[in-house]
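Following: one structure in structure tokens, then a few remarks.
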Amino acid sequence: MEKGAIVRNVENLGEKSLPYKISVHNVCHRRGGYFLVDFHAPPTIIPSMLNHLSRDIDVVRPTILKHEEEKPPLKPCPGILPITNLESRFSRRKRK
1147 MEKGAIVRNV
1157 ENLGEKSLPY
1167 KISVHNVCHR
1177 RGGYFLVDFH
1187 APPTIIPSML
1197 NHLSRDIDVV
1207 RPTILKHEEE
1217 KPPLKPCPGI
1227 LPITNLESRF
1237 SRRKRK
């Protein structure tokens, strides 16, 4: 995080069984602690962050995912609008 990344939130998801055993740094892991770190960083430093996390003996499987920012909700549909005078003039008349 020294290279321009800003940590927004850190969330501990708890310890869980891994989907399969993973051998990293000459140790076999069957359980692991899951953490979710929300950060903002320029894309140029992502490879160096993954390299740093891969060398850490406490990290079994480093993964970085791009999270799209949520867009503000659109205005709700107002429903059927009433017909104005102009529209009633140009509406087709029924033929007899």
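The sequence shown begins at 1147 in the working numbering and counts up one residue at a time.
Heads up, the beta-carbon is just placed ideally off N, CA and C, and yes, glycines get one too.
1. Let's see if you can read the secondary structure: which residues bound the alpha helix (DSSP H) around I1168?
2. Considering only residues of the same chain and omitting the five flanking positions on each side of P1208, which have a CB-CB separation below 7 Å?
3. Starting from H1175, trace the beta strand (DSSP E) both ways and give me its first and last residue.
4. So, does the segment 1167-1181 touch the segment 1209-1220, judging by three or more C-beta pairs under 8 Å?
5. Indicate the three-state DSSP secondary structure (helix, strand or coil) for P1189 in the structure shown.
6. To the nearest whole angstrom, what separates the beta carbons of L1164 and H1175, a pair I think is in contact under 8 Å?
7. If you drop the 5 nearest sequence neighbours on each side, which residues of the same chain put their C-beta closer than 8 Å to that of S1169?
Straight from the coordinates:
1. Careful: I1168 lies outside any alpha helix (DSSP H), inside the beta strand (DSSP E) at I1152 to V1170.
2. L1196, L1199 and S1200
3. Segment V1173 to H1186, the beta strand (DSSP E) holding H1175.
4. no
5. helix
6. Rounded, the Cβ-Cβ distance is 6 Å, consistent with contact.
7. H1175
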